[in-house]
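Structure record follows, encoded as structure tokens.
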Amino acid sequence: MKSSYSVIFRTVPVLALLALATLILWTPDSMAQSAKSYFIVGHSEFHALLKNSKKRKYRSNWQKVEKSFSRSLKASPKGSYAPKSLYYIGRVHEELGIQSGLKSDFRRAVDYFGRVVSRYPRHGWADDCLYHRANIYARRLKEVSKARLDLAKIIVEYPRSDMQAKAKTYLKKLGKYNQSIAAVSGKKQSTKSLDDVAKAATSKTKSAPKKTTKTTKRTKDPSGLSHLDTVRYKSSDDYTRVVLELDGRVKYRYQVLDPNPEVGRPHRLYIDLQGSRLGHDVTSATTVSDGILKSIRTGQYKNDTTRVVLDFLSMQEYKVFPLENPYRIVIDVYSPDGSAPVQSSTKSVAKKTTKNSKYRPPSGSKSQAGDLLEQLGLTVRTIMLDPGHGGKDPGAVANGLREKDINLRFAKIVGAKLKEKGFKVHYTRTTDKFIRLEQRTAMANVKKADLFLSIHCNASRSRSVNGLETYSLNLAKSKDAVRIAARENAVDPRSISDLQFILTDLMVNSKIKESRDLAKDVQSSTLSRVRRKWKLKSKGTREAPFYVLMGAKMPSVLVELGYLTNKTESKRLKSDAYLEYLARGVVDGVMAYKGKIERYAMR
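In the numbering used here, the protein residues as written are 1374 to 1976.
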């Protein structure tokens, strides 16, 4: 490979480079410099790990290397180090596959090499990506026809490549040399779909980026059929949420199909929307190649049935559920958990535990224990703050205040205080912007947040009602909980009963207990802090089926700061001093929760 860096990397201390990266001012030039610094660190870590036969057996070590390249990519996603970082992320997953024997690791490597080829076809490393991908196709995935095409592409499209000789030798070894060369020379890129459903699609528009349609209002179809108006998604390496938005309710059925490597088909999930037609703006195919989601395809399967097909590089668990106003179907897909040490799939050993088994930290340094806590999801480092409402949705409006404004002000105050405590903080919005409820949880999942805090203010028909309350996701157990969930979900209270039926299925494997514990800590700590100066009524911790908390992979709560409809409380919520006290209380609650789970894990 490109060995000119090797002498430099042996002489540059990794910690010094990290320190240098943090000192650089955040300007366009410094962003490029940061990308370079992260890349150099990653390159050094990669080759050091490659030479260490013991350390390279553990997935967590490769994941640390991948983080350096991901940081480089994030610092300057369109800079000169972006294609190099993508290449090395592909190499990381290739090495992981060699250690684990898992096809899912090789599939991810193929995906990242493909991103370099598709986004940077003229880059000097594109030919290397094609060669690595061809080798994986041939040796690891047994998809020889794809390997031949990649090798032929190097020969035809990269005549001056340093990989020419290797590609020719390898292609001759695989056979069908002339046919492969002819196939690439005559047609550089095949646009044929993998399924009959794509053939049924009438639209021939090109692939779109992150959103496949624009939402448009349309008149009701005289036939009585609903329209699929919008298909949008959020995706990461281990999670994808796809949302299908329609202009009316429909019945639907779905099925997951296993991959078929012989014909090049990945994991697929299709969903048939009965009594529907394709909207005019929905594209027939969207290439994603972002994380585990490979592509989205739509077609008019029957006269009254629309089919949507999701192609995935890997998947382990999925959930499908509908939401109202507007009617939409949400598909959550999770890939296999990649946090465990890499072990060969052919030498797995079963281990048994008893009812009285206790966790004992491994002997060694504190950093080993910290790594284990992180792998098990028993630490809190990254927090997603969600200022409720925004844009065209003002939330509650009373006494001259709009809920969306208070929520955003408060979220920024809390975020600053959490950063002071060493947390990494993300926001679902930092401006007056409308974001759909189901997108907010997806953003937290994609960012791999450890906690999700949704910030709101309350309202009531009775102006005397006041107080602080904190909610977690579960079935509503009181009329008040139903009323508040209906208001925040923007639906009729009568539809909450339907939602509770859906929720019983969604709650399996979700963080119900952890969320309940977090809610208690936030509620009690906030009350304790604020009551030092003001009287504050406790409305307690409650549970209700909030859209914004559904599908969260982390402990999640919704905090109602107070009632805008109460004159005393609305006056306080205008005050920065009061918001400061509330914010300190919420941070105290987060710290209390963090301390508890870490103490529990280390017993």
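We treat Cβ as the ideally placed atom computed from N, Cα and C, and that holds for glycine.
Evaluate residue i with the Cβ neighbour count: other Cβ atoms within 10 Å of its Cβ, from every protein chain shown; 16 or more gives buried, anything less gives exposed.
| i | result |
| --- | --- |
| D1778 | buried |
| E1916 | buried |
| K1667 | buried |
| L1630 | exposed |
| V1615 | buried |
| S1738 | Any reading at S1738 must be qualified, since the residue scores a pLDDT of 39, below 50, and its modelled position is unreliable; no value is offered. |
| E1635 | exposed |
| P1532 | exposed |
| R1513 | buried |
| K1969 | exposed |
| K1884 | buried |
| A1538 | exposed |
| T1671 | buried |
| N1434 | buried |
| N1839 | buried |
| T1659 | buried |
On the DSSP letters alone, give me the boundaries of the alpha helix (DSSP H) that residue i sits inside.
| i | result |
| --- | --- |
| P1456 | A1455 to S1473 |
| F1442 | R1432 to A1448 |
| N1676 | Here N1676 belongs to no alpha helix (DSSP H), and DSSP marks it neither H nor E. |
| R1480 | K1476 to R1492 |
| D1759 | D1759 -> not in any alpha helix (DSSP H); beta strand (DSSP E) instead, spanning T1755 to P1760. |
| D1317 | No information on residue 1317 is available, as it lies outside the stretch 1374 to 1976 that the chain covers here. |
| H1505 | A1499 to N1508 |
| Y1800 | Here Y1800 belongs to no alpha helix (DSSP H); instead the beta strand (DSSP E) covers K1797 to Y1800. |
Could you check whether residue j and residue i sit closer than 9 Å to each other, using their CB atoms as the reference points?
| i | j | result |
| --- | --- | --- |
| A1511 | A1556 | no |
| H1420 | E1439 | no |
| L1824 | T1755 | yes |
| S1609 | V1819 | yes |
| M1757 | M1816 | yes |
| L1955 | N1831 | no |
| K1519 | G1637 | yes |
| F1685 | I1702 | no |
| G1763 | T1804 | yes |
| G1795 | D1894 | no |
| V1489 | G1463 | yes |
| V1623 | Y1700 | yes |
| D1645 | T1679 | yes |
Grab me the residues of residue i's own chain with a C-beta within less than 8 Å of its C-beta, minus the 5 sequence neighbours each way, in chain order.
| i | result |
| --- | --- |
| L1900 | L1841, L1909, S1911 and G1958 |
| K1940 | N1772 and R1836 |
| R1945 | W1907, G1935 and Y1951 |
Could you check where the beta strand (DSSP E) with residue i kicks off and where it finishes?
| i | result |
| --- | --- |
| R1605 | S1599 to S1608 |
| R1915 | S1911 to A1917 |
| K1541 | Here K1541 belongs to no beta strand (DSSP E); instead the alpha helix (DSSP H) covers Q1537 to L1547. |
| G1979 | As displayed, the chain neither begins before 1374 nor continues past 1976, which places residue 1979 out of reach and without an answer. |
| F1694 | E1690 to L1696 |
| S1929 | S1929 to Y1936 |
| R1614 | Y1612 to L1619 |
| S1845 | L1841 to L1846 |
| K1624 | K1624 to L1630 |
| S1426 | No beta strand (DSSP E) contains S1426, which DSSP labels as neither H nor E. |
| I1828 | L1824 to N1831 |
| V1703 | R1701 to Y1707 |
Among the candidates the options, whose CA atom is the shortest distance from the CA of residue i?
| i | options | result |
| --- | --- | --- |
| R1905 | V1489, A1817 and Y1951 | Y1951 |
| S1458 | F1479, S1477 and G1487 | G1487 |
| M1927 | D1961, M1964, T1814 and V1838 | T1814 |
| K1607 | Y1844, D1631, S1599 and I1669 | I1669 |
| E1887 | G1773, Y1966, I1828 and T1914 | Y1966 |
| V1681 | R1429, S1649 and W1907 | S1649 |
| R1432 | L1686, T1678 and S1473 | S1473 |
| Q1647 | L1619, D1654, R1641 and T1659 | L1619 |
| A1405 | P1450, G1415, W1435 and K1427 | P1450 |
| V1960 | D1890, E1942, F1807 and G1788 | G1788 |
| K1445 | G1463, K1409 and Y1460 | A small correction: the amino acid at residue 1445 is Ser; Lys does not occupy that position in the sequence shown. Ranking G1463, K1409 and Y1460 by Cα distance to S1445 puts K1409 first. |
| I1828 | K1821, D1611 and G1768 | G1768 |
| M1454 | N1551, L1503, E1971 and Y1411 | Looking at the sequence shown, residue 1454 is not Met but Tyr. Selected option, being the one with the closest Cα: Y1411. |
| L1774 | K1947, D1611, Y1800 and L1642 | K1947 |
Spatial neighbours of residue i within its chain, please: CB distance less than 7 Å, with the 5 preceding and 5 following residues excluded, ordered by chain position.
| i | result |
| --- | --- |
| E1690 | Y1707 |
| V1798 | I1756, L1758, G1788, L1791 and K1792 |
| R1521 | L1544, L1547, K1549 and S1553 |
| A1482 | G1463, H1466, E1467, G1470 and I1509 |
| Q1628 | Y1643 |
| P1639 | P1632, K1667, D1684, F1685 and L1686 |
Excluding the 5 residues flanking residue i on each side, which residues of the same chain have their C-beta closer than 6 Å to its C-beta?
| i | result |
| --- | --- |
| A1892 | T1843, S1845, T1914 and V1930 |
| I1704 | V1615 and V1693 |
| K1790 | A1956 and V1960 |
| F1807 | G1763, G1764, K1765 and D1766 |
| H1496 | P1456 |
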